[in-house]
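Line by line, the protein sequences are chains U and S.
Heads up, the first sequence is in our numbering, so the first residue is 213 and it goes up one at a time.
Heads up, the second sequence is in our numbering, so the first residue is 213 and it goes up one at a time.
Below is one structure, written out as structure tokens; comments come after it.
Protein chains: 2
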Amino acid sequence: MRIDGLQYANWSEKIFRQLREGGVDAIHVTVAYHENFRETVQNLEKWNRWFELFPDLIMKGRSTSDIDTARDTGRTVVFFGFQNPSPMEDDIGLIEILYDLGARFMQLTYNNQSLLATGCYEAEDTGITRMGRQVIKEMNRVGLVIDMSHSADRSTIEAADLSARPIAITHANPHEWAPALRNKCDPVIRAVTERGGMLGFSVYPHHLKDKSDCTLESFCTMIARTAEKYGTQHLGIGTDLCQDQPDSVVEWMRVGRWTKEIDYGEGSSANPGFPPMPKWFRDNRDFDKIEAGLLAVGMTPTEVAGIMGQNWYRFFADNFGPVQN
Amino acid sequence: MRIDGLQYANWSEKIFRQLREGGVDAIHVTVAYHENFRETVQNLEKWNRWFELFPDLIMKGRSTSDIDTARDTGRTVVFFGFQNPSPMEDDIGLIEILYDLGARFMQLTYNNQSLLATGCYEAEDTGITRMGRQVIKEMNRVGLVIDMSHSADRSTIEAADLSARPIAITHANPHEWAPALRNKCDPVIRAVTERGGMLGFSVYPHHLKDKSDCTLESFCTMIARTAEKYGTQHLGIGTDLCQDQPDSVVEWMRVGRWTKEIDYGEGSSANPGFPPMPKWFRDNRDFDKIEAGLLAVGMTPTEVAGIMGQNWYRFFADNFGPVQN
Numbered sequence: 213m214r215i216d217g218l219q220y221a222n223w224s225e226k227i228f229r230q231l232r233e234g235g236v237d238a239i240h241v242t243v244a245y246h247e248n249f250r251e252t253v254q255n256l257e258k259w260n261r262w263f264e265l266f267p268d269l270i271m272k273g274r275s276t277s278d279i280d281t282a283r284d285t286g287r288t289v290v291f292f293g294f295q296n297p298s299p300m301e302d303d304i305g306l307i308e309i310l311y312d313l314g315a316r317f318m319q320l321t322y323n324n325q326s327l328l329a330t331g332c333y334e335a336e337d338t339g340i341t342r343m344g345r346q347v348i349k350e351m352n353r354v355g356l357v358i359d360m361s362h363s364a365d366r367s368t369i370e371a372a373d374l375s376a377r378p379i380a381i382t383h384a385n386p387h388e389w390a391p392a393l394r395n396k397c398d399p400v401i402r403a404v405t406e407r408g409g410m411l412g413f414s415v416y417p418h419h420l421k422d423k424s425d426c427t428l429e430s431f432c433t434m435i436a437r438t439a440e441k442y443g444t445q446h447l448g449i450g451t452d453l454c455q456d457q458p459d460s461v462v463e464w465m466r467v468g469r470w471t472k473e474i475d476y477g478e479g480s481s482a483n484p485g486f487p488p489m490p491k492w493f494r495d496n497r498d499f500d501k502i503e504a505g506l507l508a509v510g511m512t513p514t515e516v517a518g519i520m521g522q523n524w525y526r527f528f529a530d531n532f533g534p535v536q537n
Numbered sequence: 213m214r215i216d217g218l219q220y221a222n223w224s225e226k227i228f229r230q231l232r233e234g235g236v237d238a239i240h241v242t243v244a245y246h247e248n249f250r251e252t253v254q255n256l257e258k259w260n261r262w263f264e265l266f267p268d269l270i271m272k273g274r275s276t277s278d279i280d281t282a283r284d285t286g287r288t289v290v291f292f293g294f295q296n297p298s299p300m301e302d303d304i305g306l307i308e309i310l311y312d313l314g315a316r317f318m319q320l321t322y323n324n325q326s327l328l329a330t331g332c333y334e335a336e337d338t339g340i341t342r343m344g345r346q347v348i349k350e351m352n353r354v355g356l357v358i359d360m361s362h363s364a365d366r367s368t369i370e371a372a373d374l375s376a377r378p379i380a381i382t383h384a385n386p387h388e389w390a391p392a393l394r395n396k397c398d399p400v401i402r403a404v405t406e407r408g409g410m411l412g413f414s415v416y417p418h419h420l421k422d423k424s425d426c427t428l429e430s431f432c433t434m435i436a437r438t439a440e441k442y443g444t445q446h447l448g449i450g451t452d453l454c455q456d457q458p459d460s461v462v463e464w465m466r467v468g469r470w471t472k473e474i475d476y477g478e479g480s481s482a483n484p485g486f487p488p489m490p491k492w493f494r495d496n497r498d499f500d501k502i503e504a505g506l507l508a509v510g511m512t513p514t515e516v517a518g519i520m521g522q523n524w525y526r527f528f529a530d531n532f533g534p535v536q537n
């Protein structure tokens with residue numbers, strides 16, 4: 213089983229076919245960065261159209277039973293998520309509405325301070341806000357997973373503590389391996405995984421040691437070390453693959469509507485665009501290489517199967533939708 | 213089994229308890245008259261809150277299996293519908309979005325000309341529009357039922373013809389029994405029922421012979437005659453119960469935002485408000501009386517069971533959601 217914990221591609225039939233070639237059973241896709249509710253709905257409408265046009269390749273995901281169906285019928289399940297709480301605006305009632313429309317993950321922040329928590333680029337991290345506490349409760353109730361990939365440390369640890377259900381960092385790596393601002397330090401990973409949460413390893417070059425030049429062996433050794441430290445069962449893949457996107461999109465991801473000045477985020481004025489992917493992971497056809505790389509650094513087939521998909525599957529089964537009595 | 217094909221009450225715990233006292237297993241409720249998409253979502257949020265607050269009385273409906281569950285657990289299932297296509301605005305993609313949020317009925321018009329068809333109060337009926345044809349196809353695809361209760365005759369007959377699936381008139385009576393503008397003439401009822409569609413009998417006084425003074429016997433005799441003419445299996449109840457609503461609501465239903473002048477609709481300047489209900493149907497506790505009345509005019513227990521709920525159940529099973537292969 214292969215599940216990718218985060219992608220934001222410039223979707224096309226080509227990419228949907230590559231998902232099938234790569235044997236990817238399910239993906240969590242970003243459908244909103246800065247979009248408000250109505251704009252998010254327009255993005256969902258686009259997905260509905262793709263589901264209608266390519267029913268043999270992809271299908272909409274609501275629960276893990278959809279992954280079972282997709283595996284039986286040779287398709288990839290698509291679960292929706294938001295990298296910002298912007299789709300819910302200031303309206304807690306929209307959480308259940310968005311869940312009904314298929315949302316299964318929502319980040320409480322995207323780099324900046326939000327109504328709910330502090331993003332990883334702010335100078336001060338004041339933790340979970342008053343509204344954030346209410347939103348965590350409501351997300352727990354409906355079964356929308358809290359994702360803290362782009363949040364600041366204190367906010368993330370507080371979210372893990374306040375949440376009655378495990379939370380996720382869908383796409384990031386350990387800071388001690390690659391000291392990027394977006395990567396996560398030990399207390400953060402510990403807070404998330406000790407409470408049953410998940411960390412998805414990113415192959416986005418800004419999150420890799422040596423960036424685009426990172427070797428597969430270095431990436432896989434880092435995963436094996438992380439597994440020893442926090443337990444294999446809490447780990448998965450969250451590639452952050454942004455395939456076929458023009459550079460204007462990474463600028464929009466960083467800048468949205470919140471600033472009139474350019475913000476380069478993880479890039480720089482010299483390198484403002486999407487960085488080149490590492491040679492060993494160009495697109496969805498390369499999951500084989502990660503799997504082989506994990507085996508090559510000495511992980512057992514059972515451990516590797518967990519990281520490639522089974523751990524996400526179990527996490528989805530437990531955390532999508534209301535708690536089953 | 214008891215199913216009501218249309219209600220628009222001023223919802224409260226009191227009414228939810230009356231639904232249970234009346235043994236009502238399922239209702240189709242109006243969640244939009246003139247609301248646009250975002251306003252409709254706010255109404256759905258209110259319903260989600262009621263489902264959360266009164267889980268022992270009501271539950272959200274998506275399919276007939278929810279009616280089975282509700283009957284097993286002593287609750288009333290609530291299916292959503294719109295009396296106007298205003299929630300979909302000018303965006304065909306919103307049809308599937310609204311379906312995902314629980315919508316199961318949508319009227320193509322509410323009294324006036326819409327983007328899709330002609331309403332029953334217009335002087336000229338030009339039938340289904342270009343967009344209306346596209347919308348009918350899309351509603352057929354996702355399994356959102358076309359309701360023509362407030363549409364003009366030609367538009368209704370064309371909708372029945374164009375639709376690949378049966379359509380409904382959820383709340384109206386035969387024009388030959390009570391010649392109200394909203395009641396339906398023979399060719400309209402024939403077009404709908406001959407293609408497997410449904411007519412729900414209304415107890416809204418403006419649709420009754422002698423209005424608020426209509427007798428139960430007259431109402432039930434009319435149903436028996438209609439059954440002889442069109443076939444019992446196409447008939448159900450659609451009370452149009454607007455319980456506990458202030459008169460400001462009936463004015464808003466008629467006027468919305470489309471006119472600056474008062475439009476009295478089925479009322480008049482002398483009687484602008486909600487008319488008093490007939491003595492034999494004050495609220496949801498009175499379905500027993502209709503059932504007894506139908507038996508008293510000589511309908512068989514099987515026929516009566518069909519009209520009180522089983523016919524709607526079968527229609528819902530066939531027409532909610534995509535066609536099952």
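Glycine is no exception: its CB is placed at the ideal position from the N, C-alpha and C atoms.
Contact criterion: CB-CB distance below 7 Å. Does residue i meet it with respect to chain U?
i        : result
S:Gly305 : yes
S:Glu251 : no
S:Asn323 : no
S:Glu308 : yes
For residue i and residue j, I'd like the C-alpha separation in whole angstroms.
i        : j        : result
U:Asp452 : S:His240 : 43 Å
U:Phe431 : U:Ile502 : 9 Å
U:Ala199 : U:Thr321 : The structure shown does not extend to residue 199 of chain U, since chain U is modelled only from 213 to 537, so the question has no answer here.
U:Ala244 : U:Arg232 : 24 Å
S:Ala390 : S:Val236 : 27 Å
U:His362 : U:Thr512 : 31 Å
U:Arg342 : U:Ile307 : 16 Å
U:Asp465 : S:Ser414 : The sequence as given places Met at residue 465 of chain U; Asp does not occur at that position. Going by the C-alpha atoms only, they are around 53 Å apart.
U:Val373 : U:Asp303 : Checking the sequence, you will find Asp at residue 373 of chain U rather than Val. Taking the straight line from one Cα to the other gives about 23 Å.
S:Val354 : S:Leu507 : 38 Å
S:Met300 : S:Leu310 : 8 Å
S:Asn476 : S:Gly409 : Inspection of the sequence shows that residue 476 of chain S is occupied by Tyr rather than by Asn. Distance between the alpha carbons of S:Tyr476 and S:Gly409 is about 30 Å.
U:Arg407 : U:Leu218 : 21 Å
S:His418 : S:Asn323 : 15 Å
U:Leu411 : U:Ile270 : 25 Å
U:Glu257 : S:Gly305 : 5 Å
U:Leu327 : U:Pro297 : 8 Å
S:Glu225 : S:Phe266 : 8 Å
Can you find a C-beta in chain S that's less than 7 Å from the C-beta of residue i?
i        : result
U:Asp495 : no
U:Asp278 : no
U:Leu313 : yes
Rank the options by C-alpha distance to the C-alpha of residue i and give the top, closest one.
i        : options                                : result
U:Met213 : U:Phe528, U:Gly485, U:Trp470, U:Met520 : U:Met520
U:Gly234 : U:Gly450, U:Ile215, U:His246           : U:Ile215
S:Asp398 : S:Asp365, S:Pro458, S:Ile270, S:Asp373 : S:Asp365
S:Arg377 : S:Asn324, S:Thr288, S:Thr427, S:Phe317 : S:Phe317
U:Ala384 : U:Asp337, U:Glu350, U:Thr427, U:Met434 : U:Met434
U:Ala329 : U:Ser367, U:Pro386, U:Met351           : U:Ser367
U:Thr252 : U:Gln295, U:Ser277, U:Arg229           : U:Gln295
S:Pro386 : S:Leu420, S:Met360, S:Val357           : S:Leu420
What are the boundary residues of the alpha helix (DSSP H) that includes residue i?
i        : result
S:Ile474 : First-last for S:Ile474: undefined, no H or E at that position.
S:Asp278 : 276–285
S:Met465 : 459–467
S:Val516 : 513–517
U:Thr252 : 249–265
In the DSSP assignment, find the unbroken beta strand (DSSP E) run with residue i in it and report its ends.
i        : result
S:Ala364 : Looking at the DSSP string, S:Ala364 is not in any beta strand (DSSP E), and its letter there is neither H nor E.
U:Gly355 : Where U:Gly355 is concerned, there is no enclosing beta strand (DSSP E), given that its DSSP letter is neither H nor E.
U:Phe292 : 288–294
S:Ala439 : That residue, S:Ala439, is in no beta strand (DSSP E); its alpha helix (DSSP H) goes 428–442.
### Query
Between the stretch 232–261 of chain U and chain S, which residues of the former have a C-beta closer than 9 Å to a C-beta of the latter?
Phe249, Arg250, Val253, Gln254, Leu256, Glu257, Lys258, Asn260, Arg261
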